[in-house]
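**Q** Supplied in structure tokens, the structure appears directly below.
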Amino acid sequence: MDDAPLLEIKDLHVHFHVYGGILRVLDGVSFVVHRGEKVGLVGETGCGKTTTMKATLRVLPMPPARIPGGQILFQGQDLLKMRDDRLRRVRGRGISMIFQDPTAALNPVFTIGQQIRAVVRHSTEKRLSRSQIHDRMIQPIREVALPDPERMLGSYPIQLSGGMRQRVCIAMALVADPKLLIADEPGTSLDVTIQDQILRLLGRLVEEKDLSVILITHTLGIVRQLTDRVYVMYAGTMVEVAGTEELFRNPLHPYTHGLMEAVPRLTGGGVSDGIPGRIPNYLHPPPGCRFHPRCPHVMDVCRQEKPGFYRVSGDHEVACFLYRDKERSA
Amino acid sequence: MGFVTFIGRRIFQSIFVLLGLSILIFIIARIMPGDPARVAMGARAPDWVVENLREQMHLNDPLPVQYGYWLRDALQGDFGISLFTRRNVADDVREFLPASLELVFTSGIIAGVVGISLGAISARYKDTWIDGVLRMFSYFGVVTPAFVFAILFLLLFGLALQWLPPIGRLSDGIPKPPVITGMITVDALLAGQFATFWDAFKHLLMPALALSMGALAQEARITRSSMADNLSKDYIAAERALGIPERVIMSRFLLKPSLIPTISVFALDFAAGLSNAFLVELIFNWPGLSRYGMNAMLRKDLNAISAVILILGITFTIANIVVDLVVGALDPRIRLSAERSE
């Protein structure tokens, strides 16, 4: 049973009930992370990457969000059906998350120490002594290479730089030794040099602790450096999954093509045109394949039916009718 | 030490606000139609008596000179003699202010505790029927003037159910405790007279409740909306995602940032309570400053009016400084930026 995936999301649907109607934000997302695996999740802003991960930990604001269908299996247990007190023990210890914007993810009116202490205290059912709590607070702060840990504990988020806040967030996510770490666009809100430092740090910690990782990003270069396998997401649906090298060598879905071409290259060629059009609105998403209004290869069938996942080779699957006939039985 | 400087500066600024207010009060009092000296002496007093009083009150001097006299006396706590009660206004204030403060403090405590709790419950059960009922109650509370509540409570609890004594501060036959603060409940406790305290408390409850309803509803609304707002913030999602229990998040990590707007409004409501109390004091026959001030206005009792308005102004100013202090204590962003600007 060791082959059983660590996390398996099956056909997840998330709706947001708003004044104008129902936003169908996730439309049947499936996703697998194996033990020790580093998985990338890419797609343009607003495609549902963060929503998928927040839904996994059940931290979406509900209402307005609702999860009308799907399963989220962590170590074989459905998180969506789990009782709140048991789910709480999965959070932080089983799955931990680093949020996109460290400034928004830290409570502005509590010191870093107060916030980490709360995480430490509730990271175990045992009663910890003062010195144990203190050790467990200092330890992760050291690990993320923050200077002067004692002074750090007494600081408010506003007194720290963006890079330091991000490190604090990483430290808090590591307090309870999670098995799976979800990193949501770490460092995106920081300038590039700091972002690079943060990613290196994250890469080092993941290696040291042998964590499974879900790395959410829209920067393909980062995915290439840090992950084994990549999922490509578009407008609330998965469109392609492949081993990282395979995906970069042989992108299949027209959207993945566009995404790769949209990356400006340093070696001439200038900036590409990107993908014309925008992410569709979720109130009235296009029927059939959600990408069809922007797709250069659109066929009649794309406007009516939702494509299934077609396995093209070993671990390379794509949700596009272009590859319906090329499917190989694996 | 930056925060101390910050508060010091706020107090210093407040002095000018109060000085401005005093000029305004003085001018308004002087341009009110009617001759205060004539009003004081009555229509049948001979002209020379009235003229003497005018001279005594410096009413014949130019306005700036009158203001100078007035301010000099006011700073010494001397607001002159009330034209109606014939006593020193300062003595009147000393007698009536504690009763009003007792009322306003109690109503403030009720409004704060109950309002914030209701708001928190409303936010916790957002968009359920509990929230619906509480919100409807809040709208009702905000739009209904205090005197309506006063009359309703009086009819219901005072007359129909007879749970609470309808008027006054103490029942007949119960001796007043020795005056220390002038607030009977506090004085009774200080003197160890628990029966007296209980009787005074029962008298206090109904008017305080009536006076608190508006602020209470307002507190509930603001607490609800700021908690509901903050509930969708990323830091709450992050705290949940890290395994902090819901009750800790609600009672600590959500409550503290959410209370900041509530506190600001609360202090102003509290100060406004002192000026809104007059009808409530009238209905419950509560011998407080608001009623005194109201009567002073109806009788053109200039000295008393000036004193009452100045006290209201000082109350608002203090309330504002307290808001700055409390919000600064709650919110490091404000505290730290205040320190940095020094």
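Line by line, the protein sequences give chains C and U.
Just so we're aligned: the first sequence equals residues 404 to 733 in this note's numbering.
Just so we're aligned: the second sequence equals residues 1349 to 1690 in this note's numbering.
Glycine included, every Cβ here is placed at the ideal spot set by N, Cα and C.
The structure presented is a predicted model; accordingly, all values stated were derived computationally and were not measured.
#1: Where does U/Gly1562 land, buried or exposed, given buried means 16+ other C-beta within 10 angstroms?
#2: Which residues in chain C have a C-beta closer than 7 Å to the C-beta of U/Ile1592? List them in chain order.
#3: Could you check whether C/Ala508 and U/Tyr1583 sit closer than 8 Å to each other, using their CB atoms as the reference points?
#4: Can you tell me which of U/Ser1519, U/Ala1677 and U/Ser1448 puts its alpha carbon nearest to the alpha carbon of U/Ser1623?
#5: Per DSSP, what are the beta-bridge partners of C/Ile617 in this structure?
#6: Give me the DSSP bridge partner(s) of C/Met636.
#7: Which value, in whole angstroms, describes the spacing of the CA atoms of C/Tyr685 and C/Glu553?
#8: Against U/Ser1580, what residues of chain C qualify as contacts under a CB-to-CB distance less than 7 Å, listed in chain order?
#9: Going along the chain, which residues of its own chain have a beta-carbon closer than 8 Å to the beta-carbon of C/Val512, five neighbours each way excluded?
#10: Hey, is U/Arg1472's beta-carbon within less than 8 Å of any beta-carbon in chain C?
#11: So is C/Asn398 in contact with chain U if we call contact Cβ pairs under 8 Å?
#12: If you run the structure through DSSP and keep just helix, strand and coil, what is C/Gly473?
#13: Are at least three pairs of beta-carbons, each pair with one atom in the stretch 626 to 645 of chain C and one in the stretch 429 to 441 of chain C, less than 8 Å apart?
#14: Since I believe C/Glu440 is in contact with C/Ser615 (beta carbons under 8 Å), could you give me their beta-carbon distance rounded to a whole number of angstroms?
#15: Could you check what DSSP says for U/Gly1676 in three-state terms: helix, strand or coil?
#16: What distance in whole Å lies between the Cβ atoms of U/Ile1355 and U/Phe1679, which are believed to be in contact at a cut-off of 8 Å?
#17: Measuring alpha carbon to alpha carbon, tell me which residue in U/Gln1566, U/Ile1371, U/Arg1595 and U/Phe1501 is nearest U/Ile1611.
#18: Taking buried to mean at least 16 other C-beta atoms within 10 Å of its own C-beta, is C/Val734 buried or exposed?
#19: Are there 16 or more other CB atoms within 10 angstroms of the CB of C/Tyr422, so buried, or fewer, so exposed?
#20: Please state whether the Cβ-Cβ distance between U/Glu1450 and U/Thr1533 is less than 8 Å.
#21: Who are the Cβ neighbours of U/Gly1516 in its own chain at under 7 Å, not counting the five residues just before and after it?
#22: Check whether chain C comes within 8 Å of U/Ala1589, counting only Cβ atoms and requiring the distance to be less than that.
#23: Could you tell me which chain C residues have their CB closer than 7 Å to the CB of U/Arg1681, listed as they occur along the chain?
#24: Could you name each continuous alpha helix (DSSP H) segment of 4 residues or more that falls completely within the stretch 1621 to 1666 of chain U, going from the start of the chain to the end?
#25: From U/Val1613, U/Arg1588 and U/Pro1525, pick the residue whose C-alpha is nearest to that of U/Ala1536; which is it?
#26: Would you decide whether C/Asn653 is buried or exposed? Buried here means 16 or more other CB atoms lie within 10 Å of its CB.
#27: Count the other CB atoms, across all protein chains shown, that sit within 10 Å of the CB of U/Phe1626; report buried if there are 16 or more and exposed otherwise.
#28: In chain order, what residues of the same chain have a beta carbon less than 7 Å from the beta carbon of U/Ser1465, not counting five sequence neighbours either side?
#29: Would C/Leu662 and C/Cys723 be called neighbours here (beta carbons separated by less than 8 Å)?
#30: List the endpoints of the continuous beta strand (DSSP E) containing C/Gly424.
#31: Can you tell which of U/Ala1391, U/Arg1472, U/Asp1440 and U/Glu1399 has its C-alpha closest to the C-alpha of U/Ile1745?
#32: Using only the heavy atoms of the ligand NAP, determine whether one of them is closer than 7 Å to the beta carbon of U/Arg1595.
#33: List, in order along the chain, the chain U residues whose C-beta lies closer than 7 Å to that of C/Lys457?
#34: U/Val1596 touches chain C at which residues, Cβ-Cβ below 9 Å?
#35: If you measure from the beta carbon of C/Ser499 to each beta carbon in chain U, is any gap under 8 Å?
#36: Under 9 Å Cβ-Cβ, which residues of chain U neighbour C/Gly495?
**A** Short version:
#1: Walking along the second sequence from the start, residue 1562 of chain U turns up at place 214. U/Gly1562 is buried by the Cβ-count criterion.
#2: What you label residue 1592 of chain U is simply residue 244 of the second sequence in a count that begins at 1. The contacting residues are Ala521, Val522 and His525.
#3: As a working note, residue 1583 of chain U is residue 235 in the second sequence. As a working note, residue 508 of chain C is residue 105 in the first sequence. Contact: yes.
#4: Position 275 of the second sequence, counted from the start, is the residue given in the question as residue 1623 of chain U. Comparing Cα positions, the closest option is U/Ser1448.
#5: For the purposes of this step, residue 617 of chain C is taken as residue 214 along the first sequence, with counting starting at 1. C/Ile617 is bridged by DSSP to C/Val442 and C/Ile585.
#6: Within the first sequence, numbered from 1, the residue matching residue 636 of chain C stands at position 233. According to DSSP, which records beta bridges pairwise, C/Met636 is partnered with C/Met641.
#7: Position 282 of the first sequence, counted from the start, is the residue given in the question as residue 685 of chain C. Position 150 of the first sequence, counted from the start, is the residue given in the question as residue 553 of chain C. If I take the Cα positions, the gap works out to 47 Å.
#8: Here residue 1580 of chain U refers to the residue found at position 232 of the second sequence. Among the residues of chain C, those whose CB is under 7 Å from the CB of U/Ser1580 are Pro464, following chain order.
#9: Position 109 of the first sequence, counted from the first residue, corresponds to residue 512 of chain C. Excluding residues up to 5 positions away in sequence, Tyr559 lie with their Cβ nearer than 8 Å to the Cβ of C/Val512 in the same chain.
#10: The residue given as residue 1472 of chain U occupies position 124 in the second sequence. Judged by the 8 Å Cβ criterion, U/Arg1472 is not in contact with chain C.
#11: Residue 398 of chain C is absent from the structure shown; chain C starts at 404 and stops at 733.
#12: For the purposes of this step, residue 473 of chain C is taken as residue 70 along the first sequence, with counting starting at 1. C/Gly473 falls in the strand class under three-state DSSP.
#13: Yes, they touch.
#14: Taking the first sequence and counting its residues from 1, the one referred to as residue 615 of chain C is at position 212. Taking the first sequence and counting its residues from 1, the one referred to as residue 440 of chain C is at position 37. By a beta-carbon distance limit of 8 Å, C/Ser615 contacts C/Glu440. Their separation comes to about 5 Å.
#15: Along the second sequence, one-based indexing puts residue 1676 of chain U at 328. In the structure shown, U/Gly1676 falls within a helical segment according to DSSP collapsed to helix, strand and coil.
#16: As a working mapping, residue 1679 of chain U is identified with position 331 in the second sequence. As a working mapping, residue 1355 of chain U is identified with position 7 in the second sequence. One point to set straight first is that residue 1679 of chain U is Asp, not Phe, in the sequence displayed. Actually they are not in contact, since the Cβ atoms of U/Asp1679 and U/Ile1355 sit about 15 Å apart, beyond 8 Å.
#17: By one-based count along the second sequence, residue 1611 of chain U stands at place 263. Residue nearest to U/Ile1611 within the set U/Gln1566, U/Ile1371, U/Arg1595 and U/Phe1501 is U/Gln1566 (criterion: CA-CA distance).
#18: The question about residue 734 of chain C has no answer, for chain C in this structure spans 404 to 733.
#19: Numbered from its first residue, the first sequence carries residue 422 of chain C at position 19. Exposed.
#20: Start at 1 with the first residue of the second sequence, and residue 1450 of chain U comes out as number 102. Start at 1 with the first residue of the second sequence, and residue 1533 of chain U comes out as number 185. In contact: U/Glu1450 and U/Thr1533 (Cβ atoms closer than 8 Å).
#21: Taking the second sequence and counting its residues from 1, one reaches residue 1516 of chain U at position 168. Hits under 7 Å: His1551 and Asn1633.
#22: Residue mapping note: residue 1589 of chain U aligns to position 241 of the second sequence, counting from 1. Taking 8 Å as the threshold, the shortest C-beta distance from U/Ala1589 to chain C falls below it.
#23: Counting from 1 along the second sequence, the entry for residue 1681 of chain U is found at position 333. Result: Pro511 and Ile561.
#24: The stretch 1621 to 1666 of chain U is shown to contain whole alpha helix (DSSP H) runs of 4 or more residues at 1637 to 1646, in chain order.
#25: Residue 1536 of chain U sits at position 188 when you count from the first residue of the second sequence. Nearest to U/Ala1536 by C-alpha distance, out of U/Val1613, U/Arg1588 and U/Pro1525, is U/Pro1525.
#26: Here residue 653 of chain C refers to the residue found at position 250 of the first sequence. Around the C-beta of C/Asn653, fewer than 16 other C-beta atoms lie within 10 Å, and the residue is accordingly described as exposed.
#27: Position 278 of the second sequence, counted from the start, is the residue given in the question as residue 1626 of chain U. Buried, because 16 or more other Cβ atoms sit within 10 Å of the Cβ of U/Phe1626.
#28: Position 117 of the second sequence, counted from the first residue, corresponds to residue 1465 of chain U. Result list for U/Ser1465: empty, nothing under 7 Å.
#29: Counted from its first residue, the first sequence places residue 662 of chain C at position 259. Counted from its first residue, the first sequence places residue 723 of chain C at position 320. No; because the gap between Cβ atoms is not below 8 Å, this pair is not in contact.
#30: Position 21 of the first sequence, counted from the start, is the residue given in the question as residue 424 of chain C. Taken as a continuous stretch (DSSP letters only), the beta strand (DSSP E) holding C/Gly424 covers Gly424 to Val436.
#31: Limits of chain U in this structure are 1349 at one end and 1690 at the other, which puts residue 1745 of chain U out of reach.
#32: Absence of the ligand NAP from the depicted structure is noted, as is the absence of any ligand whatsoever, leaving it without description.
#33: As a working note, residue 457 of chain C is residue 54 in the first sequence. Neighbours of C/Lys457 on chain U, chain order: Ala1585.
#34: On the second sequence, position 248 is the one that residue 1596 of chain U refers to. Per Cβ cutoff of 9 Å: Ala521, Arg524 and His525.
#35: Counting from 1 along the first sequence, the entry for residue 499 of chain C is found at position 96. Yes - at least one Cβ of chain U is within 8 Å of the one on C/Ser499.
#36: Within the first sequence, numbered from 1, the residue matching residue 495 of chain C stands at position 92. Chain U residues near C/Gly495: Ala1589, Leu1590, Gly1591 and Ile1592.
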